[in-house]
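Residue 26 in my numbering sits at position 26 of the sequence shown, with consecutive numbering throughout. Even for Gly, the Cβ is constructed at its ideal location relative to N, Cα and C. In this text, all values refer to a predicted model and were calculated from it rather than measured experimentally.
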Amino acid sequence: MQKLLQLKTSLFANQGQSSLLSDAFVEAWLDGHPGSVVMIRDFAVTPVPHLDGAGFQAFLSKAEERSSEQQAKVAYSDGLIAELQAADVLVIGLPMYNLGIPSTLKAWIDHVARAGVTFRYTANGPQGLLSGKKAYVFASRGGRYAGTAFDTQTDFMRNFLAFIGVTNVEFVYAEGLNMGDDSRSSSLTTAHSELARMAA
Numbered sequence: 001m002q003k004l005l006q007l008k009t010s011l012f013a014n015q016g017q018s019s020l021l022s023d024a025f026v027e028a029w030l031d032g033h034p035g036s037v038v039m040i041r042d043f044a045v046t047p048v049p050h051l052d053g054a055g056f057q058a059f060l061s062k063a064e065e066r067s068s069e070q071q072a073k074v075a076y077s078d079g080l081i082a083e084l085q086a087a088d089v090l091v092i093g094l095p096m097y098n099l100g101i102p103s104t105l106k107a108w109i110d111h112v113a114r115a116g117v118t119f120r121y122t123a124n125g126p127q128g129l130l131s132g133k134k135a136y137v138f139a140s141r142g143g144r145y146a147g148t149a150f151d152t153q154t155d156f157m158r159n160f161l162a163f164i165g166v167t168n169v170e171f172v173y174a175e176g177l178n179m180g181d182d183s184r185s186s187s188l189t190t191a192h193s194e195l196a197r198m199a200a
């Protein structure tokens, strides 16, 4: 039995194209891998709060010295990390907003990137502690940015996932979605073909 953690980061929840693509992948995955379990985090429905100074200080404080408020902040982060640790497969819907990743996804990243928990510092630099996982990222864009300097998402996500130990990452791009009906249809058709191949 494999466990999937699906992150929906679209402002439009289930109606966002990145969510629809990730849903299609999960459905195809379950058809080919019966018995798999899916945990869904929809940031439009339940957004992750942005990390503030108090929260970061709570992470740095010793457990026995934390206030009740600090304990609550750490417990919330621990819960997100536990979901991530338990997952064998990450499925990430990734729309592009103003040439970057959704701020709610960055908030989630700030809560799960914890020194000594999901990565550690060594004499040779940081080492990810969540190896052995696979990640699929479904990137939806109104324009066409893959392979250009405007694509700030791909390297960022690859680098972050590698930072916590997830180096087996595949991307599916649905681009040109706001560049006319033909562009939209062709791009989505190609994306669905790719995700079906990956899920198999």
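Closest by C-alpha distance to GLU83, when choosing among ARG41, GLY116 and SER61: If we check each option's Cα against that of GLU83, ARG41 comes out closest.
Nearest-angstrom Cβ-Cβ length linking LEU43 and THR104, presumed shorter than 8 Å: Residue 43 is actually Phe in this sequence, not Leu. Confirmed, Cβ separation roughly 4 Å.
Rounded separation between PHE156 and GLU64 - CA only: Spanning the two alpha carbons is a distance of roughly 35 Å.
ARG184 - DSSP class collapsed to helix/strand/coil: In this structure, ARG184 counts as helix in the three-state DSSP scheme.
DSSP-derived helix/strand/coil call for LYS134: Here LYS134 carries a strand assignment [DSSP, helix/strand/coil].
Every unbroken beta strand (DSSP E) inside the stretch 19 to 55 [3 residues or more]: You should have 37 to 42.
Residue interval of the beta strand (DSSP E) (run including ASN14): No beta strand (DSSP E) contains ASN14, which DSSP labels as neither H nor E.
Entirely enclosed alpha helix (DSSP H) segments - the stretch 134 to 182, minimum 4 residues: For the stretch 134 to 182, the continuous alpha helix (DSSP H) assignments of 4+ residues that do not extend past its boundaries occur at 153 to 163, in sequence order.
Outcome for LEU99 when other beta-carbon atoms lying within 10 angstroms are tallied against a minimum of 16: So LEU99 counts as exposed.
C-beta atoms of SER19 and LYS3 nearer than 8 Å: Not a contact, by the Cβ cut-off of 8 Å.
Segment contact, 8 Å Cβ cut-off, at least three pairs: the stretch 10 to 17 with the stretch 47 to 55: Taking a cut-off of 8 Å for Cβ pairs, the stretch 10 to 17 and the stretch 47 to 55 do not touch, as fewer than three such pairs fall below it.
Per DSSP, cross-strand counterpart(s) of GLY93: Assignment of beta-bridge partners to GLY93 by DSSP yields LYS8 and PHE138.
Per-residue burial, ARG120 [other beta carbons within 10 Å of its own, 16 or more giving buried]: By the neighbour-count rule (16 or more Cβ atoms within 10 Å), ARG120 is not buried but exposed.
Cβ neighbour criterion (16 or more within 10 Å) applied to MET1: With fewer than 16 Cβ atoms within 10 Å of its Cβ, MET1 is classed as exposed.
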